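So the sequence lines, in the order shown, correspond to chains A and B.
Start counting at 1 in the first sequence, then tack on 469, and there's your number in the working numbering.
Start counting at 1 in the second sequence, then tack on 303, and there's your number in the working numbering.
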Amino acid sequence: MSVRLPACRRLLGRLLLAAALIVAIGLGAKWLGQQAAVPLLLRQAAWLAPVLPAIWYFRLFGRVVRESGEMERQIYLEGAFFAFAAICVVSLGLAMAIRGGMLADVSLRKAGPLLWSAGITFWGVGTALSWRRYL
Amino acid sequence: MKNRLRVLRAEHGWSQADLASRLEVSRQTVNAIETEKYEPSLSLAFRIAGLFGQRIEEIFHPDGA
């Protein structure tokens, strides 16, 4: 009896490739952005280039959720809600701490990648917590 | 929601993995339904009932019923 591999395993290679492309293109954009000899328009385009593999990454991520079994889909979505709630609470707390003068203000350039990484980490934590509830 | 999935599976001599592949779900899903930690969707409940040749209400019962 053949068993179809879970979507997360079937698409893992492509997810890793998309993540590697985000990092590689991001590093390439950083290098290109520092080359004064390169035309400004090209440098600006390079800075935006990592957005494309990021879109691919999240499209794949959505496909993993859609093509998973019904219980797994519920677990992934519970994990996503956990991540959304955690990011809201953390960003609200940080924003209020900045307004209260307890923390120095930070630009979106610095906070963005941190929140992005935290979102993925929180999703992993939320998914793990949700798995424990069902197993 | 109570269910008789474990009993029916044992009667057929199937492992959780066997049943999971017949239902096209993961083994963890079968385990979670048997231990009553997860309530299947209506479509999965129909697939389970069809596989065992029974009506849904013969397999799944509301708590206290």
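All C-beta atoms, glycine included, are put in the ideal place defined by N, C-alpha and C.
This structure is a prediction, so every number in the text was calculated from the model and none was measured.
- Taking a C-beta cut-off of 9 Å against chain A, the contacting residues of the segment 334–351 of chain B are Asn-334, Ala-335, Ile-336, Thr-338, Lys-340, Tyr-341, Pro-343, Ser-344, Ser-346 and Leu-347, listed in chain order.
- Taking the C-beta atoms as reference points, Tyr-526(A) is found no nearer than 9 Å to Leu-496(A).
- When rounded, the separation of the alpha-carbon atoms in Ala-487(A) and Pro-522(A) is 6 Å.
- Excluding residues up to 5 positions away in sequence, Leu-501, Gly-502 and Gln-504 lie with their Cβ nearer than 8 Å to the Cβ of Arg-512(A) in the same chain.
- For Lys-305(B), the beta-bridge partners assigned by DSSP are His-364(B).
- By the beta-carbon neighbour count (other beta carbons within 10 angstroms, threshold 16), Ala-573(A) is exposed.
- The beta carbons of Arg-528(A) and Lys-340(B) sit about 31 Å from each other, so the pair does not count as a contact at 8 Å.
- Listed along chain A are Gly-538, Met-540, Glu-541, Trp-600, Tyr-603 and Leu-604, each with a C-beta nearer than 9 Å to that of Gln-331(B).
- Within chain A, no C-beta atom comes nearer than 9 Å to that of Val-310(B); the closest sits roughly 21 Å away.
- With respect to chain A, the C-beta atom of Glu-360(B) has no partner C-beta closer than 9 Å.
- Pairing Ala-335(B) with Thr-590(A), the inter-Cα distance amounts to about 25 Å.
- Residue range 577–603 is occupied by the alpha helix (DSSP H) that includes Arg-578(A).
- Contact between Leu-347(B) and Val-333(B) fails: their C-beta atoms lie close to 10 Å from each other, not under 8 Å.
- The segment 489–535 of chain A contains, as complete alpha helix (DSSP H) runs of 4+ residues, the segments 509–517 (chain order).
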